[in-house]
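The numbering used here numbers the first residue of the sequence shown as 7 and each following residue consecutively.
Below: one structure, written as structure tokens.
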Amino acid sequence: MYSFGCTNQPTCSLPYLQRGSCLLQDRSGSCNENENRGNICHNFRMYATSQTVDPLEMRKFQAWVQKWWDEEGMFSVLHAMNDIRVPFIRDSLMSRNYEHDVGCPLSGVNILDVGCGGGLLSEPLGRLGASVTGIDPLEDNIKIAAQHKSFDPVLDKQVQYKSCTVEELVDGHLGYFDAIVASEVLEHVADVESFIQSCFQVLKPGGSLFVTTINKTQLSYALAIVVAEKILGIAPEGTHDWEKFIHPEELERLLESNGFVVESLKGMLYNPLSGSWSWISDTSVNYAMHALKTVAQEQPTDMGGESEQEQQKVAEASV
């Protein structure tokens, strides 16, 4: 696995999780299944009226909360994706002229990782010096992420997690984040445009939005669903819904109509034989997009008349 980290900080060797082990344990060391079932019902009730959260998607991911840190399991493709998505985010942010330390190039950069799951992307960004807030609507995902980061003392000050949606962050976090990452999230969102609008509101003017997702083509159906799920078993069957995939042209249109300008678009290719990702020019299956929030345009929000500066003060006290 490619290593990303601040060269002036100690490294931490994280223990591998045994398959079938449970991080959601009570103090006696046993996994409380009744409590976990209660969390499922609580999560579904909480987000039943959310514009961006799909309860069916939550139901799927609730069943997989124990799998996030099994690097050879169902999320192995996401672990491998860090080899290209982390440098993509790092290099794009460094090119935006943020002042940065050579060893911790993202020091001082405030990043929101939306749909963080178990923290697979939040952790390497934190090791690069960024201040990362990982959010996920599933409370058990947040518990897994928080538990795993506790193995590495370097991450204690760099990464924090919260069980919520990006919609819920808008109240009190206007223009707060330097960058937002939504990696492999859009294909699980109920309303993509509402999601983009919420991202716009919590992002600073000139801030970056990074997206990786899947194109809506016949080839993506064949590879991402038929081959990956039904034949190779790289992902559990039913992980993806082809109807939720989005063309990059459509995503660009939604971004530009909601105050963003697209900076770059790159195709991504996964090789199941080597278990590795690479950049390609073809965007017909997987792709990554980097967009910037325009400086001049601000969307109106109903925040009781508070200024963005006042909202930032509230955000700094609450995040």
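Backbone N, C-alpha and C define an ideal beta-carbon position, used for all residues, glycine too.
Asked: Rounded to whole angstroms, what is the Cα-Cα separation between G213 and P254?; Found: 20 Å
Asked: Considering G125, what are the terminal residues of the alpha helix (DSSP H) in which it resides?; Found: Unbroken run through G125: none, as it is neither H nor E.
Asked: Within this structure, are the beta carbons of I240 and V291 separated by less than 8 Å?; Found: no
Asked: Give me the Cβ distance between G281 and S82, rounded to the nearest whole Å; I'm assuming they're in contact under 8 Å.; Found: 7 Å
Asked: Taking C-beta to C-beta, are C205 and L215 nearer than 8 Å?; Found: yes
Asked: Relative to the alpha-carbon of W74, which residue among Q166, V267, K149 has its alpha-carbon at the smallest distance?; Found: K149
Asked: Just to confirm, is the Cβ distance from F183 to V208 under 8 Å?; Found: yes
Asked: Output the distance between the C-alpha atoms of M295 and K155, rounded to the nearest integer angstrom.; Found: 28 Å
Asked: Along the alpha helix (DSSP H) that carries E199, what are the first and last residues, could you check?; Found: 198 to 208
Asked: With DSSP as the reference, label D142 as helix, strand or coil.; Found: coil
Asked: Cutting at 6 Å between CB atoms, please list the residues of its own chain near G44, excluding the five before and the five after it.; Found: Note that G44 scores 46 on pLDDT, short of 50, meaning its location in the model is unreliable; the coordinates nonetheless yield the value given after this. Correct list: empty, nothing qualifies.
Asked: Can you name, in chain order, every residue of its own chain whose Cβ lies under 8 Å from the Cβ of F266, other than the five neighbours on each side?; Found: I202, F206, L215, A297, L298, K299, T300
Asked: Can you check the stretch 131 to 188 for any alpha helix (DSSP H) of at least 4 residues that lies completely inside it and give the ranges in chain order?; Found: 145 to 155, 172 to 176
Asked: From this set, E190, V198, I117, which residue's C-alpha is nearest H179's C-alpha?; Found: I117
Asked: Classify I237 as buried or exposed, calling it buried when 16 or more other Cβ atoms lie within 10 Å of its own Cβ.; Found: exposed
Asked: For N230 and H246, what's the separation of their Cα atoms in angstroms?; Found: Checking the sequence shown, residue 230 turns out to be Ala, not Asn. Between A230 and H246, the C-alpha separation is close to 8 Å.
Asked: Identify the continuous alpha helix (DSSP H) that holds K66 and give its terminal residues.; Found: 61 to 68
Asked: Cutting at 7 Å between CB atoms, please list the residues of its own chain near S287, excluding the five before and the five after it.; Found: G273
Asked: What does DSSP give as the partner residue(s) for K272 in the beta ladder?; Found: A294
Asked: Return the residue from the list G135, L175, V232 that minimises the CA-CA distance to P242.; Found: V232
Asked: Does the beta-carbon distance from L289 to L260 come in below 8 Å?; Found: The residue you asked about is not Leu; residue 289 is Thr in the sequence shown. Their beta carbons are not under 8 Å apart, which means T289 does not touch L260 by this criterion.
Asked: Answer yes or no: do T171 and T58 have a C-beta to C-beta separation smaller than 8 Å?; Found: yes
Asked: Grab me the residues of G132's own chain with a C-beta within less than 6 Å of its C-beta, minus the 5 sequence neighbours each way, in chain order.; Found: V138, L161, Q164, V165
Asked: Nearest to I186 by CA position, among G140, K168, A152, D146, is which residue?; Found: G140
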